[in-house]
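Mapping of the sequence shown onto my numbering: residues 30 to 94, in sequence order. Quick reminder that beta carbons are idealized off the backbone N, C-alpha and C, glycines included. Below you'll find the structure, written out as structure tokens, and then a few comments.
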Amino acid sequence: MNNKLKNYRREIVDKIIPYARKDKRITLLVCDMGFGVADKFEEEFPKRIVNMGIMEQGTVGIAAG
């Protein structure tokens with residue numbers, strides 16, 4: 030049994046990175062996810078990540094266009 034807890038938010042962000050490499054239209058909108066969760070994405074795509082703060086409904090509206 031693996032006793033190491035996973036940070037599922039970080040896992041999800043890490044899984045998005047290969048898709049973002051292939052498709053320049055992908056931008057990550059995060060809702061105050063905390064420190065370190067999206068660091069890898071931000072390092073590779075600094076202009077394609079926006080921290081929206083605590084405003085989930087507004088983020089959905091922005092993502093929908």
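When burial is assigned at 16 or more other CB atoms within 10 Å of the CB, is residue i buried or exposed?
i	result
VAL79	exposed
Given a cut-off of 8 Å on the beta-carbon distance, is the pair residue i and residue j in contact?
i	j	result
VAL59	ASN36	no
ILE46	PHE70	yes
ASP68	ILE83	no
PHE74	ALA92	no
GLY90	MET81	no
Measure how close the beta-carbons of residue i and residue j come, nearest whole angstrom, since I'm counting them as under 8 Å.
i	j	result
ARG39	LEU57	With 8 Å as the limit, ARG39 and LEU57 do not qualify as a contact, their Cβ atoms being about 12 Å apart.
Cutting at 7 Å between CB atoms, please list the residues of its own chain near residue i, excluding the five before and the five after it.
i	result
GLU85	CYS60
Between the C-alpha atoms of residue i and residue j, what's the straight-line distance to the nearest angstrom?
i	j	result
ASP52	LYS33	33 Å
GLU72	ASP43	12 Å
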